[in-house]
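A.B. asks: Residue numbers (the numbering used here), protein chains in the order written: chain A, 6 to 261; chain B, 6 to 261. Encoded as structure tokens, here's the structure I'll be asking about.
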DNA sequence: GCCATTTTTTCGCTATGCGAATATTAATTC
DNA sequence: GAATTAATATTCGCATAGCGAAAAAATGGC
């Protein structure tokens with residue numbers, strides 16, 4: 006981006022301001038000016054200016070001495086949901102799957118090494134994991150992440166793989182990049198993925214890719230629940246066909 | 006904000022950049038530089054700089070000649086959800102209500118003249134209205150909006166009321182500020198609201214306030230469905246007590 | 001190929017936003 | 001309550017960041 010002309014085409018004040026907004030997501034609590042300054046590396050005077058600007062615009066609210074984000078920031082995220090017709094189609098679909106199979110059903114996309122949840126319908130008996138639009142989870146230990154990685158362009162995939170930080174979320178978590186490559190190859194072959202207790206004990210999930218009319222994988226959809234309730238045969242023989250069907254229906258309804 | 010000192014404490018480049026982000030929510034489609042420039046009033050050179058910055062940061066993606074927001078913008082909205090413990094408590098609650106009564110159940114807050122949805126659990130038989138985190142609806146014709154307005158500080162409420170744009174969403178919509186004031190007074194007295202086909206034909210909803218430990222109303226929770234399925238007696242005698250109970254449970258679980 | 005439009009690049013310019021320093025206020029310690 | 005420390009608000013000199021205009025290059029439509 007700094008190529009050519011020697012002049013920076015990047016608006017640094019915007020970068021700094023967004024950094025302040027981002028800090029609220031990391032900190033999880035209302036913050037004072039000083040805390041924002043510390044969290045962002047800005048001087049107190051700069052942090053204050055950014056905060057006052059964000060407050061003026063309504064994205065941040067001042068309560069006493071502390072700033073916190075207000076509901077208006079949801080507008081920024083909402084633009085993602087409203088600008089892509091796919092989510093309007095997927096939303097009722099995950100609701101149907103959730104109800105039909107008493108599972109938690111979600112759809113997500115890949116962003117960096119994470120999946121980002123876009124829509125979700127939960128059956129409470131299925132899962133007590135708190136997930137909402139925007140929730141991130143590490144792609145490599147989630148069913149949807151596996152699907153999305155498997156069908157990502159090879160070069161891009163290798164870049165992502167090289168950035169993965171392997172952690173033992175459970176004792177079942179994949180910890181090795183070569184093992185993960187094998188898994189993804191398998192996923193590519195079978196066109197679905199199953200993850201069993203790799204991110205969370207007791208949780209089993211199955212995911213399939215959502216393709217657009219050009220055949221490109223644009224999202225993934227899953228069904229998840231406790232492994233006690235979701236027996237593998239049931240998953241493969243009953244749930245999976247319905248999910249392929251759902252993915253095809255979504256594809257059929259996507260604009261060209 | 007421009008008070009004192011004669012110097013503007015507002016960072017205009019941040020304002021402009023956020024204006025560009027906001028434009029994507031309005032436009033609902035991928036945009037070219039020129040379209041962004043037109044939509045925001047910036048010059049093409051400025052619009053380009055903002056777009057390149059946002060792209061560099063990952064919030065916007067360039068596809069061919071068009072820019073569109075990427076899933077990373079959901080991080081910005083997510084900071085709202087993650088910084089307030091209330092939504093973690095409310096999420097399973099709305100799921101329970103939705104399942105128990107075969108309704109759509111949501112929670113929202115007031116922002117300007119709108120309610121902004123924070124969490125939702127939908128039963129597809131109940132509602133096919135597409136709502137997700139961040140969805141806005143006019144407060145004055147929604148059950149939750151009525152509750153939130155009723156319990157807003159009087160001065161603030163009058164300011165909001167004076168900004169309401171009365172439209173006939175249906176033939177039942179309230180169209181008069183005095184009538185609305187009467188309704189809100191009633192809501193205050195009974196501590197719940199029912200809205201019947203005021204925003205959407207066939208839709209009936211009931212809402213109660215969620216209070217924090219200090220007794221302040223901080224959100225509203227509702228149950229909604231078709232007026233065919235949700236008979237008024239059932240709503241008042243069966244659903245409403247459960248909602249009061251839910252609101253109390255949420256309050257009990259909120260941090261001090 | 002021609003023309004209109006859009007995008008990209010360049011660059012002079014100034015006002016924007018910066019950080020340092022100081023004043024004021026608030027919080028903490030004894 | 002007084003003294004001290006920390007945080008916030010304000011001021012201001014300054015230089016560079018970001019601007020818009022203009023030109024060059026690229027693209028799209030006929």
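Just so it is clear, CB atoms sit at the ideal spot from N, CA and C, and this is done for glycine as well.
So, is residue 10 of chain B buried or exposed, given that buried needs 16 or more other C-beta atoms within 10 angstroms?
C.D. replies: Reading the second chain from its first residue, position 5 is the one you call residue 10 of chain B. Only weak support exists for where residue 10 of chain B lies, its pLDDT of 38 falling under 50; the coordinates are left without a value.
A.B. asks: Which runs of the alpha helix (DSSP H) at least 4 residues long sit entirely within the region 16 to 100 of chain B? Give them in chain order.
C.D. replies: 17 to 32, 38 to 45, 49 to 62, 78 to 87
A.B. asks: Name the residue from B:35, B:80, B:81 whose alpha carbon lies nearest to the alpha carbon of residue 68 of chain B.
C.D. replies: For this step, residue 68 of chain B is matched to residue 63 along the second chain. For the residues B:35, B:80, B:81, the minimum Cα distance to residue 68 of chain B belongs to B:35.
A.B. asks: Identify the contact partners of residue 195 of chain A in chain B, using a Cβ-Cβ distance below 7 Å as the criterion.
C.D. replies: For the purposes of this step, residue 195 of chain A is taken as residue 190 along the first chain, with counting starting at 1. Per Cβ cutoff of 7 Å: no residues; residue 195 of chain A is ~26 Å from chain B at best.
A.B. asks: Run through chain A and tell me which residues come within less than 7 Å of residue 29 of chain B, C-beta to C-beta.
C.D. replies: The residue you call residue 29 of chain B lines up with position 24 of the second chain. Within 7 Å Cβ-Cβ: 84, 88.
A.B. asks: Using the beta-carbon count (16 or more within 10 Å), is residue 170 of chain A buried or exposed?
C.D. replies: Along the first chain, read from residue 1 onward, the residue named residue 170 of chain A stands at position 165. Residue 170 of chain A should be labelled exposed.
A.B. asks: Counting only Cβ pairs nearer than 7 Å, list the residues of chain B close to residue 93 of chain A.
C.D. replies: By one-based count along the first chain, residue 93 of chain A stands at place 88. Per Cβ cutoff of 7 Å: 135.
A.B. asks: First and last residue of the alpha helix (DSSP H) that includes residue 220 of chain A?
C.D. replies: Here residue 220 of chain A refers to the residue found at position 215 when the first chain is read from its first residue. Residue 220 of chain A -> no alpha helix (DSSP H), and no H or E assigned at all.
A.B. asks: Have a look at residue 6 of chain A and residue 103 of chain B and give me their C-alpha separation to the nearest angstrom.
C.D. replies: Indexing the first chain from 1 puts residue 6 of chain A at position 1. Indexing the second chain from 1 puts residue 103 of chain B at position 98. With a pLDDT of 40 at residue 6 of chain A, under the threshold of 50, the modelled position of this residue cannot be trusted, and the question is left open.
A.B. asks: Report yes or no: is there a C-beta of chain B within less than 8 Å of the C-beta of residue 127 of chain A?
C.D. replies: The count along the first chain starts at 1 and reaches residue 127 of chain A at position 122. Judged by the 8 Å Cβ criterion, residue 127 of chain A is in contact with chain B.
A.B. asks: With DSSP collapsed to three states, give me the class of residue 253 of chain A.
C.D. replies: Numbered from 1 along the first chain, position 248 holds the residue referred to as residue 253 of chain A. Residue 253 of chain A falls in the helix class under three-state DSSP.
A.B. asks: Let me confirm a value: residue 206 of chain A is counted as buried when at least 16 other C-beta atoms fall within 10 Å, else exposed. Which label applies?
C.D. replies: Position 201 of the first chain holds residue 206 of chain A. It is exposed - the Cβ of residue 206 of chain A has fewer than 16 other Cβ atoms within 10 Å.
A.B. asks: I believe residue 178 of chain A touches residue 33 of chain B by the beta-carbon criterion, under 8 Å. Please report the beta-carbon distance rounded to the nearest angstrom.
C.D. replies: One-based indexing of the first chain puts residue 178 of chain A at position 173. One-based indexing of the second chain puts residue 33 of chain B at position 28. Incorrect: roughly 39 Å between the Cβ atoms, too far for contact.
A.B. asks: Counting only beta-carbon atoms, is residue 55 of chain A nearer than 8 Å to chain B?
C.D. replies: Here residue 55 of chain A is taken as the residue at index 50 of the first chain, counted from 1. Yes - at least one Cβ of chain B is within 8 Å of the one on residue 55 of chain A.
A.B. asks: Can you check whether the CB of residue 110 of chain B is closer than 8 Å to the CB of residue 226 of chain B?
C.D. replies: Here residue 226 of chain B refers to the residue found at position 221 when the second chain is read from its first residue. Here residue 110 of chain B refers to the residue found at position 105 when the second chain is read from its first residue. In contact: residue 226 of chain B and residue 110 of chain B (Cβ atoms closer than 8 Å).
A.B. asks: Go to residue 143 of chain B, then tell me how far its beta strand (DSSP E) extends in each direction, as first and last residue.
C.D. replies: To locate residue 143 of chain B, count along the second chain from 1; it is residue 138. 141 to 143 is the span of the beta strand (DSSP E), which, as asked, contains residue 143 of chain B.
A.B. asks: Quick check on residue 13 of chain B: does DSSP put it in helix, strand or coil?
C.D. replies: Locating residue 13 of chain B in the second chain gives position 8, where the first residue counts as 1. Looking at residue 13 of chain B - three-state DSSP - the assignment turns out to be coil, as it is neither helix nor strand.
A.B. asks: Sorted by chain position, which residues of the same chain lie with C-beta nearer than 6 Å to residue 261 of chain A's C-beta, five sequence neighbours on each side aside?
C.D. replies: For this step, residue 261 of chain A is matched to residue 256 along the first chain. Excluding residues within five positions, the ones whose Cβ falls inside 6 Å are 218.
A.B. asks: Between the Cα of residue 185 of chain A and the Cα atoms of A:211, A:248, A:155, which residue gives the shortest distance?
C.D. replies: The residue labelled residue 185 of chain A in the question sits at position 180 within the first chain. When each option's Cα is compared against that of residue 185 of chain A, the closest is A:155.
A.B. asks: Between B:247, B:145, B:168, B:80, which has its C-alpha nearest residue 140 of chain A's C-alpha?
C.D. replies: Indexing the first chain from 1 puts residue 140 of chain A at position 135. Considering only alpha carbons, the answer is B:80.
A.B. asks: Helix or strand or just coil, what does DSSP make of residue 5 of chain B?
C.D. replies: No information on residue 5 of chain B is available, as it lies outside the stretch 6 to 261 that chain B covers here.
A.B. asks: Between residue 95 of chain A and the rest of its own chain, which residues show a CB-CB distance below 8 Å, the 5 nearest in sequence each way excluded?
C.D. replies: Mapped onto the first chain, residue 95 of chain A falls at position 90. Cβ neighbours of residue 95 of chain A beyond the five flanking positions: 112, 123, 124, 215, 224, 226, 255.
A.B. asks: Say whether chain A places a C-beta atom closer than 8 Å to the C-beta of residue 26 of chain B.
C.D. replies: In the second chain, the residue the question calls residue 26 of chain B occupies position 21. By this cut-off, residue 26 of chain B is an interface position.
A.B. asks: Among B:52, B:84, B:19, B:82, which has the Cα closest to the Cα of residue 71 of chain B?
C.D. replies: Taking the first residue of the second chain as 1, we reach residue 71 of chain B at position 66. For the residues B:52, B:84, B:19, B:82, the minimum Cα distance to residue 71 of chain B belongs to B:52.
A.B. asks: Do you know how far the Cα of residue 126 of chain A is from the Cα of residue 4 of chain A?
C.D. replies: The first residue shown for chain A is 6 and the last is 261, placing residue 4 of chain A beyond what the model contains.
A.B. asks: Determine the extent of the beta strand (DSSP E) in which residue 199 of chain A is found, giving its start and end residues.
C.D. replies: Indexing the first chain from 1 puts residue 199 of chain A at position 194. Looking at the DSSP string, the run of the beta strand (DSSP E) that includes residue 199 of chain A is 198 to 201.
A.B. asks: So with CB distances below 7 Å, who are the chain A contacts of residue 34 of chain B?
C.D. replies: Locating residue 34 of chain B in the second chain gives position 29, counting from the first residue. Under the 7 Å cutoff, chain A gives 88.
A.B. asks: Would a check of beta-carbon distances place residue 76 of chain B closer than 8 Å to chain A?
C.D. replies: Residue mapping note: residue 76 of chain B aligns to position 71 of the second chain, counting from 1. Output row for residue 76 of chain B: interface = yes.
A.B. asks: Where residue 203 of chain B and residue 241 of chain A are concerned, what is the direct C-alpha to C-alpha distance, given to the nearest angstrom?
C.D. replies: Locating residue 203 of chain B in the second chain gives position 198, where the first residue counts as 1. Locating residue 241 of chain A in the first chain gives position 236, where the first residue counts as 1. Rounded to the nearest angstrom, the two C-alpha atoms are 45 Å apart.
A.B. asks: Using CA atoms only, rank isn't needed, just tell me which of B:117, B:74, B:187 is closest to residue 161 of chain B.
C.D. replies: Here residue 161 of chain B corresponds to residue number 156 of the second chain, with the count starting at 1. If we check each option's Cα against that of residue 161 of chain B, B:117 comes out closest.
A.B. asks: Use the C-beta contact count for residue 2 of chain A: other C-beta atoms within 10 angstroms, 16 or more gives buried, fewer gives exposed.
C.D. replies: Nothing about residue 2 of chain A can be reported from this structure: the residues present for chain A run from 6 to 261 only.
A.B. asks: In angstroms, rounded to a whole number, what distance separates the CA positions of residue 8 of chain A and residue 22 of chain B?
C.D. replies: Taking the first chain and counting its residues from 1, the one referred to as residue 8 of chain A is at position 3. Taking the second chain and counting its residues from 1, the one referred to as residue 22 of chain B is at position 17. The predicted position of residue 8 of chain A is uncertain, since its pLDDT is 39 and thus under 50; no value can be drawn from it.
A.B. asks: For residue 140 of chain B, which residues in chain A fall below 8 Å Cβ to Cβ?
C.D. replies: If you number the second chain from 1, residue 140 of chain B lands on position 135. Within chain A, the residues near residue 140 of chain B are 83.
A.B. asks: Would you say residue 19 of chain B lies against chain A (beta-carbon separation less than 8 Å)?
C.D. replies: As a position in the second chain, residue 19 of chain B is number 14, starting the count at 1. It does: the Cβ of residue 19 of chain B has a partner Cβ on chain A nearer than 8 Å.
A.B. asks: The ligand NAD and residue 31 of chain A: does any heavy atom of the ligand fall closer than 7 Å to the residue's C-beta?
C.D. replies: Absent from the structure shown: the ligand NAD. Ligands present: none.
A.B. asks: Between residue 153 of chain A and chain B, is any beta-carbon pair separated by less than 8 Å?
C.D. replies: Along the first chain, one-based indexing puts residue 153 of chain A at 148. No, no contact with chain B.
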